[in-house]
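A.B. asks: Residue numbers (my numbering): 423 to 597. By construction, the Cβ of each residue, glycine as well, lies at the ideal position given by its N, Cα and C atoms. A quick note: this is a predicted structure, and the numbers were derived from the prediction, not measured. Okay, here's the structure, questions in a sec.
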């Protein structure tokens with residue numbers, strides 16, 4: 423018994439399926455996803471993407487829902503975009519953040535008075551900008567935006583110090 427779900431492609435969004443790879447394009451950018459699941463079948467029919475699984479077992483139905491969620495996130499990303507906001511927090515040494523978009527990295531300068539800059543990688547096609555004491559990460563792919571925000575947050579982790587006392591860093595404050 424085969425179970426299938428049809429996901430409608432929104433207006434202004436173009437989706438194409440090539441085997442296990444789905445490419446979604448829109449005004450905010452392009453998202454490409456590969457679903458390496460042997461028993462999953464993806465096809466494009468008109469303005470819909472059809473996802474088929476061979477059986478109605480629990481893991482097949484769960485994977486069907488997961489693929490639907492990934493596709494909906496891609497549709498929203500290429501149409502509206504995703505963003506994460508991070509706040510720069512320091513007590514004594516003022517932290518400055520520079521974005522090197524050409525090298526796809528973020529430099530965190532003067533963190534805890536350190537001379538060497540801390541470096542965070544920008545993943546994929548994501549834009550990072552600094553506005554006052556906030557760092558804004560924006561892009562079409564939800565997972566690339568989240569990973570870039572985590573890379574920036576992780577670069578300012580303080581080890582071997584009491585986190586209740588040493589609260590300096592860059593922390594997520596919302597979307």
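Round the Cβ separation of residue 439 and residue 464 to the nearest angstrom and send it over; I've been treating them as touching at under 8 Å.
C.D. replies: Right, their Cβ atoms sit about 5 Å apart.
A.B. asks: Is it right to say residue 597 is buried, meaning 16 or more other beta carbons lie within 10 angstroms of its own, or is it exposed?
C.D. replies: It counts as exposed.
A.B. asks: Which value, in whole angstroms, describes the spacing of the CA atoms of residue 483 and residue 472?
C.D. replies: Cα to Cα, residue 483 sits roughly 14 Å from residue 472.
A.B. asks: Which class does residue 465 belong to by DSSP, given the choice of helix, strand or coil?
C.D. replies: Of the three classes helix, strand and coil, the one that applies to residue 465 here is strand, per DSSP.
A.B. asks: With burial defined as no fewer than 16 other Cβ atoms inside 10 Å of the residue's Cβ, what is the status of residue 519: buried or exposed?
C.D. replies: Buried, since its Cβ has 16 or more Cβ neighbours within 10 Å.
A.B. asks: For residue 479, is the classification buried or exposed, using 16 other Cβ atoms within 10 angstroms of its Cβ as the cut-off for buried?
C.D. replies: Exposed: under 16 other Cβ atoms inside 10 Å.
A.B. asks: Using the C-alpha atoms, what's the distance from residue 476 back to residue 523?
C.D. replies: Residue 523 and residue 476: Cα-Cα distance of roughly 44 Å.
A.B. asks: Does DSSP put residue 494 in a helix, a strand or coil?
C.D. replies: Correct three-state label for residue 494: helix.
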